[in-house]
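Novice: Residue numbers are given in the numbering used here: position 317 of the sequence shown equals residue 320, and the series is strictly consecutive. Just so you know, even glycine gets a beta-carbon here, dropped at the ideal spot from N, CA and C.
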Amino acid sequence: MADHEGHSGTARPEGQGNRANRPTPRWRADPYVRSPRFWIQLGFLLASALTGLHFHRFALSLADPALPQVTRPAEVDAWLPISSFTSLVYLLKSGVANTVHPAGLVLFTLILVMAFAARRGFCSWVCPVGTLSEWAHRLGESLFGRAYALPRLPDALLRAVKYLLLGFFAVMITGMSAEGLHAFIHGAYNRVCDLKMYALFARPSVTTLTVVAVLVALSLAVKNFWCRYLCPYGALLGLVSMASPLAVRRDSRACTGCGRCSRACQNRIDVARVRAVRSPECTACYACVGACPEPDALRLGPAGGRGRLTPFAYAVLTLAALVLLPQAFRALGYWDTDTPVADYRRFFAALSEVGHP
Ligand code: SF4
Ligand code: SF4
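Below, the structure is given as structure tokens:
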């Protein structure tokens with residue numbers, strides 16, 4: 004069968020001669036590690052780490068005028084979803100694309116368009132928090148020897164939390180007038196919110212460390228804890244993805260009802276019982292498709308016919324939408340902030356006076 008999440012049943016022998024007799028290391032036989040999704044996740048995680056490092060150098064150069072000024076990496080805007088959401092609402096209300104965090108507006112809009120076109124793959128293919136959360140859970144499973152899942156009722160109640168958070172931000176932001184949004188976007192708070200976030204983690208307070216430690220512990224024990232229960236960004240993408248023409252679809256003529264797809268689903272969706280997965284929790288991870296032993300029973304594709312988007316095609320689509328297209332905006336000159344370095348320096352100095360970073 005097609006190599007969906009890399010699940011081909013048996014590990015292929017590598018090399019020739021003596022090497023052919025050597026057992027394949029466990030991690031290399033893991034279908035997840037052999038899937039395009041793993042490599043795309045790894046790539047975006049490394050890119051995020053490099054952007055973080057670059058921003059750290061930018062911040063250090065703000066602190067010391069003797070150092071050559073490092074340019075701010077615009078990609079850091081990807082970490083400012085609330086600011087980007089505000090920019091998008093302002094664009095829709097006023098027709099003006101602001102130049103305070105342009106890369107944020109571009110990336111946020113592309114991610115929303117992608118959720119509409121091809122479901123919530125951002126969460127399981129791109130987002131570094133989603134990746135770390137997934138890896139934490141895998142680690143937890145090997146440490147504890149089992150996966151924990153909350154009972155249905157607390158699970159449903161907790162899942163509502165991310166929608167409440169999303170509702171709070173959506174009401175606040177969409178309720179503002181175009182003038183109010185303009186004032187917020189061009190105000191000092193929004194201009195240097197990246198630096199504020201940096202300060203939060205550069206010298207974390209006891210509260211920050213405690214919150215992170217609790218989230219890590221919960222992520223080790225409960226699958227995708229942050230994404231499933233708390234992330235308002237994921238909630239928004241999930242709601243948008245419900246309108247997508249693509250979905251995981253099950254052909255009941257080819258399906259034997261073995262239930263492997265349901266057991267493989269990271270997000271507890273009972274795939275074996277539905278014709279099409281419409282749940283906002285589906286992150287297009289392909290685990291169900293990869294687990295299905297029947298070649299024609301499960302596919303991610305449009306309604307009608309047998310069209311399917313393979314994991315490889317999904318990887319190409321993701322890279323085109325979130326790597327190539329942003330480069331076009333960069334080339335067109337809509338990418339870097341217009342906030343003067345002097346403003347960043349001023350704010351950095353103010354932070355240093357109160358002990359951050
Ligand atoms: S339904 Fe399939 S693609 Fe969607 S989250 Fe579950 S396993 Fe992943
Ligand atoms: S894994 Fe495939 S054959 Fe088994 S229940 Fe799911 S769709 Fe049907």
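Could you tell me the boundaries of the alpha helix (DSSP H) in which valine 195 lies?
Specialist: Numbered from its first residue, the sequence shown carries residue 195 at position 192. From DSSP, valine 195 is part of no alpha helix (DSSP H); its letter is neither H nor E.
Novice: Leucine 303 lies in the beta strand (DSSP E); which residues open and close that run?
Specialist: As a working note, residue 303 is residue 300 in the sequence shown. That run of the beta strand (DSSP E) goes 301–305.
Novice: Kindly give me the distance between the Cβ atoms of serine 51 and alanine 139, rounded to whole angstroms, as I take these residues to be in contact under 8 Å.
Specialist: Counting from 1 along the sequence shown, the entry for residue 51 is found at position 48. Counting from 1 along the sequence shown, the entry for residue 139 is found at position 136. With 8 Å as the limit, serine 51 and alanine 139 do not qualify as a contact, their Cβ atoms being about 16 Å apart.
Novice: Output the distance between the C-alpha atoms of phenylalanine 61 and cysteine 126, rounded to the nearest integer angstrom.
Specialist: Position 58 of the sequence shown, counted from the start, is the residue given in the question as residue 61. Position 123 of the sequence shown, counted from the start, is the residue given in the question as residue 126. Phenylalanine 61 and cysteine 126: Cα-Cα distance of roughly 28 Å.
Novice: If alanine 294 sits next to cysteine 264, beta carbons under 8 Å apart, how far is it from one beta carbon to the other, in whole angstroms?
Specialist: Within the sequence shown, numbered from 1, the residue matching residue 294 stands at position 291. Within the sequence shown, numbered from 1, the residue matching residue 264 stands at position 261. With a Cβ gap of about 6 Å, alanine 294 and cysteine 264 count as contacting.
Novice: Any heavy atom of ligand 2 inside 7 Å of the beta-carbon of arginine 263?
Specialist: Here residue 263 corresponds to residue number 260 of the sequence shown, with the count starting at 1. Result yes, Cβ under 7 Å from ligand 2.
Novice: What alpha helix (DSSP H) runs, 4 residues minimum, are completely inside the region 118–191?
Specialist: 131–147, 155–177, 181–189
Novice: With hydrogens ignored, establish whether the beta-carbon of threonine 286 is closer than 7 Å to any heavy atom of ligand 1.
Specialist: As a working note, residue 286 is residue 283 in the sequence shown. Yes, since a heavy atom of ligand 1 falls inside the 7 Å radius drawn around the Cβ of threonine 286.
Novice: Do the region 98–112 and the region 176–192 meet, that is, are 3 or more Cβ pairs less than 8 Å apart?
Specialist: yes
Novice: Verify whether the separation of the beta carbon atoms of cysteine 230 and serine 136 is less than 8 Å.
Specialist: Taking the first residue of the sequence shown as 1, we reach residue 230 at position 227. Taking the first residue of the sequence shown as 1, we reach residue 136 at position 133. In this structure, serine 136 lies closer than 8 Å to cysteine 230 by Cβ.
Novice: What do you reckon, is the C-beta of glutamine 44 under 7 Å from a heavy atom of ligand 1?
Specialist: Numbered from 1 along the sequence shown, position 41 holds the residue referred to as residue 44. Glutamine 44 Cβ: outside cutoff for every heavy atom of ligand 1.
Novice: Does DSSP classify valine 79 as helix, strand or coil?
Specialist: Translated into positions along the sequence shown, residue 79 becomes position 76. DSSP places valine 79 in helix when its eight states are reduced to three.
Novice: Any contact between the region 333–347 and the region 68–76? By contact I mean 3 or more CB pairs, one from each, below 8 Å.
Specialist: yes
Novice: In three-state DSSP terms, what is leucine 325?
Specialist: The residue you call residue 325 lines up with position 322 of the sequence shown. It is helical.
Novice: Cα separation between asparagine 270 and alanine 69?
Specialist: Residue 270 sits at position 267 when you count from the first residue of the sequence shown. Residue 69 sits at position 66 when you count from the first residue of the sequence shown. Roughly 51 Å between the two C-alpha positions.
Novice: Could you check the C-alpha separation between phenylalanine 111 and phenylalanine 41 for me, to the nearest Å?
Specialist: Your numbering for residue 111 matches position 108 in the sequence shown. Your numbering for residue 41 matches position 38 in the sequence shown. Cα-Cα distance, rounded: 22 Å.
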